[in-house]
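Take a look at the structure set out below.
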Ligand SMILES: [Zn+2]
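Here it is in structure tokens:
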């Protein structure tokens, strides 16, 4: 147990930040640690070459963005994994052709096999097909982002060993049905601005307050739980050493 749990910064495991973000804009995040996912291979290419002390950049191909699927190239995607330990955002989405999305995601999961990476997985409207794919090609680093599957699907995802990044727009019954030890916080900023009340990436106060209340703990303890969960996940996936040094230190200290 850390003697200084309240010194841990806010953690946001899924938000959108432009890869040309300036130091001033990063300062405006008020010290938050943010997993910054990308939507297209072009965006990922730029993002994965950045080095920021508190940002973990993702290599993504958003399933709901047709141009992103068009631009996907397996060799280029593999190359991004030399620079980053985060794949995201990837997954399946109700918009667009399921087969096409599935083909791309299967290649991504194959490329991720035996790699020290985390995956931030989108599943809007296609939770069942996503779980089918993950059952065939499971990965220890999978984080289901804003997962709204049925109770049976949630149990299935838990049994597969998945982690869940959750936000303040998710209903109480879903939040409480997921094991606290598998939860990570997210804002999905800016997509969810209206529903989560997050005013910037890393602004997870509302989520922390609500979840803390649901679990009868203080927001400070909950934040420490999130960091401990990140430590567990990044240890089992060998991602811990690939995180920016201050981020790894907070995870270890939590
Ligand atoms: Zn997103």
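Numbering (the numbering used here), first residue to last: 3 to 256. Glycine residues also receive a C-beta, built at the ideal position from the N, C-alpha and C atoms.
Runs of the beta strand (DSSP E) lying entirely within the region 24 to 94 and spanning at least 3 residues, in chain order: 35 to 39, 57 to 61, 88 to 93.
Taken atom to atom, the span from the alpha-carbon of residue 55 to that of residue 145 is near 22 Å. Every residue with a CB closer than 6 Å to a heavy atom of ligand 1 is listed here in chain order: 16, 18, 39, 91, 190, 193. Judged by their CB atoms, residue 102 and residue 128 are not nearer to each other than the 7 Å cut-off.
Cβ-Cβ separation between residue 18 and residue 193: approximately 7 Å, consistent with a contact (criterion under 8 Å). Per DSSP, reduced to three states, the secondary structure at residue 179 is helical. Annotation for residue 187: the continuous beta strand (DSSP E) segment containing it runs 185 to 187. Closest option to residue 85, judged by alpha-carbon separation, among 50, 218, 70, 213: 50.
If you look at residue 223, you'll find it in the alpha helix (DSSP H) that goes 221 to 238. DSSP places residue 17 inside the beta strand (DSSP E), whose first and last residues are 13 to 18. Each residue's CA atom was taken as its position, placing residue 113 and residue 231 some 25 Å apart. DSSP places residue 124 in the uninterrupted beta strand (DSSP E) bounded by 120 to 124. Counting along the chain, no alpha helix (DSSP H) covers residue 205, and no H or E run does either.
DSSP places residue 150 in the coil class of the three-state scheme, outside both helix and strand. Residue 168 carries a strand assignment under DSSP once its states are collapsed to helix, strand and coil. Apart from sequence neighbours up to five positions away, the residues of its chain that approach residue 121 with a beta-carbon distance below 7 Å are 89, 90, 92, 114, 141, 143, 144, 145, ordered along the chain.
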